[in-house]
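Everything on this sheet refers to the single structure shown next.
Take a look at the structure:
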């Protein structure tokens with residue numbers, strides 16, 4: 002109930018601000034320290050596409066080119082599962098022409114947000130082959146991190162091309178061409194990922210992370226996935242989850258373990274302290290980095306994660 006009360010307060014404040022025209026007082030969209038998520042290189046009068054997180058925004062910009070403004074609701078480094086929209090977010094969404102969300106229960110806050118914004122939205126994961134979460138209370142639910150497979154993102158691109166062509170049909174040819182060019186880059190990254198990870202010895206083909214966000218990448222690369230908690234970073238790792246992970250790492254003699262950029266690595270550091278594994282590094286999933294960081298684009302994110310995993314599992318980390 003407390004969550005619903007917070008929502009009522011947020012929505013009331015947003016609608017009041019929009020009515021009074023106060024949202025324009027805080028500066029242009031994308032200039033309030035949002036980590037580079039503002040529209041880049043687009044006509045300022047172009048239709049506005051809003052995405053739920055920075056990864057989708059980067060993919061969308063590659064399809065939209067200069068014909069659409071693309072912004073992310075959440076900032077760089079945001080934890081997307083349990084995000085709580087601000088009045089500014091709701092006001093910005095009400096001015097958008099289209100909102101893109103991942104779906105698959107990733108954005109638990111989005112349904113009510115979208116209903117209140119009253120803007121058309123498209124679920125970009127429609128059409129991908131969904132993997133279910135295994136184990137724990139979330140067993141059988143869809144794993145939401147489908148974008149961690151570049152092959153799946155090609156399907157995201159097709160969905161965006163169709164949606165953008167409906168939004169701005171005069172640019173449909175350009176959207177299609179941009180989409181095909183980006184899909185070729187995605188395929189190359191996919192091929193490189195599989196090739197790099199294919200060289201790992203059988204006994205080193207276990208990917209141990211804080212959150213179960215790598216099911217799609219592990220599937221593509223032929224890795225066994227193990228994690229401390231399945232999907233929701235709002236919930237703290239339990240002693241039993243940590244103990245189970247320690248046992249697996251010991252039994253499999255896993256050389257390195259990893260954690261995601263948007264959550265604390267403290268639980269995984271307990272695993273490192275109790276085993277012979279080293280901490281292999283930070284992986285990126287739910288958010289890009291700042292432009293001068295290690296993963297300013299989605300393609301950089303996949304390359305970074307693949308390199309970090311290979312380095313760790315081949316004993317070169319630490």
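Numbering (this note's numbering), first residue to last: 2 to 319.
Each residue gets a CB set at the ideal place from its N, CA and C atoms; glycine is no exception.
Everything numeric in this text was worked out from a predicted model, so none of it was measured.
Notebook entry, point to check: Can you pull the DSSP bridge partners for residue 122?
Noted result: DSSP output for residue 122 lists 100 as bridge partner(s).
Item checked: C-beta contact flag for residue 92 and residue 71 at 8 Å -> Their beta carbons are not under 8 Å apart, which means residue 92 does not touch residue 71 by this criterion.
Next item on the list: Indicate whether the contact test is met: 3 or more Cβ pairs, each with one atom in the stretch 261-280 and one in the stretch 160-171, closer than 8 Å.
Entry: Contact between the stretch 261-280 and the stretch 160-171 is absent: fewer than 3 CB-CB pairs across the two stretches fall below 8 Å.
Next item on the list: Could you work out which residue in 122, 176, 190 and 121 is closest to residue 154 when comparing CA atoms only?
Entry: If we check each option's Cα against that of residue 154, 190 comes out closest.
Check: Going straight from the alpha carbon of residue 23 to that of residue 88, what length do you get?
Finding: Note that residue 23 scores 37 on pLDDT, short of 50, meaning its location in the model is unreliable and no value can be drawn from it.
Check: Rounded to the nearest angstrom, how far is the Cβ of residue 80 from that of residue 255, given a contact under 8 Å?
Finding: Residue 80 to residue 255, Cβ: 26 Å. No contact.
Notebook entry, point to check: On the three-state DSSP scale, how would you describe residue 77?
Noted result: coil
Checklist line | Inter-residue Cα distance where the pair is residue 120 and residue 148 | finding: 24 Å
Notebook entry, point to check: Which partner residues of residue 299 appear in the DSSP bridge assignment?
Noted result: According to DSSP, residue 299 shares a beta bridge with no other residue.
Item checked: Where the beta strand (DSSP E) through residue 259 begins and ends -> 257-261
Check: Who are the Cβ neighbours of residue 301 in its own chain at under 6 Å, not counting the five residues just before and after it?
Finding: none
Item checked: Proximity of residue 90 and residue 48 at Cβ, strictly below 8 Å -> no
Notebook entry, point to check: Which one or two residues does DSSP pair with residue 280 in a beta bridge?
Noted result: Answer is 258.
Check: Under three-state DSSP, which class holds residue 315?
Finding: coil
Next item on the list: Return the chain-ordered ranges of every beta strand (DSSP E) run that is complete within the stretch 159-189 and spans a minimum of 3 residues.
Entry: none
Checklist line | Length of the line joining the Cα atoms of residue 298 and residue 56 | finding: 7 Å
Margin query: By the three-class DSSP mapping on this structure, what secondary structure does residue 208 have?
Written below: strand
Check: In the structure shown, what three-state DSSP assignment does residue 50 receive?
Finding: strand
Next item on the list: May I ask you to report which of helix, strand or coil DSSP gives residue 250?
Entry: helix
Next item on the list: Could you check the C-alpha separation between residue 184 and residue 43 for me, to the nearest Å?
Entry: 21 Å
Notebook entry, point to check: Between the stretch 124-135 and the stretch 190-199, do at least 3 Cβ pairs fall closer than 8 Å?
Noted result: no
Item checked: Contact between the stretch 225-234 and the stretch 206-217 (3+ Cβ pairs under 8 Å) -> By the Cβ test, the stretch 225-234 is in contact with the stretch 206-217, since at least three Cβ pairs between them sit closer than 8 Å.
Margin query: If you measure between the beta carbons of residue 305 and residue 295, is that distance less than 8 Å?
Written below: yes
Notebook entry, point to check: Hey, quick one: how far does the alpha helix (DSSP H) through residue 228 stretch, first residue to last?
Noted result: Where residue 228 is concerned, there is no enclosing alpha helix (DSSP H), although the beta strand (DSSP E) it sits in stretches over 225-230.
Checklist line | Alpha-carbon spacing of residue 290 relative to residue 77, whole angstroms | finding: Cα to Cα, the separation comes out at about 6 Å.
Item checked: Counted within 10 angstroms of its Cβ, other Cβ atoms place residue 244 as buried (16 or more) or exposed -> exposed
Check: residue 38 by DSSP, collapsed to three states: which one?
Finding: Note on residue 38: pLDDT 42, under 50, position unreliable in the model; the coordinate value appears next. Under the three-state reduction of DSSP, residue 38 is assigned to coil, being neither helix nor strand.
Checklist line | CA-to-CA distance, residue 224 to residue 66, given in whole angstroms | finding: 35 Å
Next item on the list: Tell me residue 145's beta-bridge partners as DSSP assigns them.
Entry: According to DSSP, residue 145 bridges with nothing at all.
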